[in-house]
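Here the structure is laid out as C-alpha cells; the discussion comes afterwards.
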Amino acid sequence: MIACIRGELFLKSPERLIVMAGGVGYEVFATAGCLNSLPETGHQVLIHVYTHVREDALLLYGFADEEEKAVFHLLISVAGIGPRLALTILSGISPAELAAAIRNESVGRLVQLPGVGKKTAERLCLELKDKVQWVPEPRQPFPAAGEEQRDALYLDTVSALVNLGYHQNNAAEAVRQVAAATAAPADLTLTKLITKALRLLA
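Structural data, given as C-alpha cells:
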C-alpha cells in the first residue's frame, strides 16, 4: 500500500493533484485542507496518502497530515460512508471540529456537511463517539472576540441553553456556529443567539 508520496507537484485543481515521483505521475484526490496547504506547481511536496483498491481501480486519497488521515480511516469504518464521502466531509470541516461534533452528538452540525443526512449523522455519533476522544479540541470554542462584552454574551447564551436542558458542550458548539455564520456578530443579541442556536439544536 502507498502510505505517502514525496515528489514534484505537477498539477493542482480544486479536487485533485498530481505528484511526479520517480518518473511516475500519481493522481491523488485530496481534501480541501491538503490542497490549500500546497505550494505552487513545480515545488517539492510530501502527501500523506490512503490507497483504496477496488476490482476496477486503484485510487489514492491525500491528506494534509496524519491526523486528517486517521480521522478519514475512522469515517470509512462507518457503514454507508465510502472514501469519496469521507473526503467530502473532511473538506467541509476540520478533524478537530468534526471530532467535537461527534463527541457532543451535534447532529445539527453534522447534517450541514455535504452528503450527510440525519441517519448518517446519528450513525457517526453512535459508532465513533468513543473512537475520536484522542483528537484535540478545536483551538477556540468561539470566534475570536475583541470585546469582553461579546464574550460574556456568548457565555450567557450557553448558560441559557443549559438551563433549557441542553448539554453544555452541545450548547457551546451551537453558539459558536451561529456566531461564525453571522456576518456582523456585533449585532447579535441574547434573544437572537438563543433563537438561532435552538434551531441548530432541534
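For what it's worth, my numbering labels the leading residue of the sequence shown as 9, then goes sequentially.
Positions of the beta carbon are idealized from the N, C-alpha and C atoms, including for glycine.
Note that this is a predicted model, so its numbers are computed, not measured.
When the Cα atoms are used, what is the spatial distance from residue i to residue j?
i, j, result
"E75", "H60", "18 Å"
"Y69", "E135", "23 Å"
"L196", "I84", "38 Å"
"L19", "A65", "21 Å"
"Q120", "A109", "11 Å"
"V53", "Y34", "12 Å"
"D164", "N177", "14 Å"
Just to confirm before moving on: does the CB-CB distance between residue i and residue j stay below 8 Å?
i, j, result
"L198", "L161", "yes"
"L17", "V27", "yes"
"L201", "V186", "yes"
"A129", "L118", "yes"
"L132", "V79", "no"
"L25", "A38", "yes"
"A182", "G116", "yes"
From the options, pick the residue whose C-alpha is nearest to that of residue i; which is it?
i, options, result
"D209", "P122, A179, L67", "Residue identity check: residue 209 is Leu in the sequence provided, not Asp. Selected option, being the one with the closest Cα: A179."
"C12", "K77, L206, E181, A94", "K77"
"G15", "A94, G41, R62, H56", "H56"
"I101", "V124, G90, S85", "V124"
"V140", "L19, G41, L82", "L82"
"A188", "K204, G90, I10", "K204"
"G88", "V53, K126, T190", "K126"
"L67", "P91, G50, Y174, T49", "P91"
"L46", "E181, L93, D73, Q176", "D73"
"P22", "T190, W142, Q176, T96", "T96"
Buried or exposed: where does residue i fall if 16 or more other Cβ atoms within 10 Å of its Cβ makes it buried?
i, result
"S114", "buried"
"R184", "buried"
"E105", "buried"
"P103", "buried"
"E145", "exposed"
"I10", "exposed"
"L98", "buried"
"V32", "exposed"
"R111", "buried"
"G50", "exposed"
Does DSSP put residue i in a helix, in a strand, or in coil?
i, result
"H81", "helix"
"K20", "strand"
"I202", "helix"
"Y69", "strand"
"I8", "Here the chain has residues from 9 to 210 only, and residue 8 is not among them."
"Q141", "coil"
"G123", "coil"
"E113", "coil"
"I26", "strand"
"L172", "coil"
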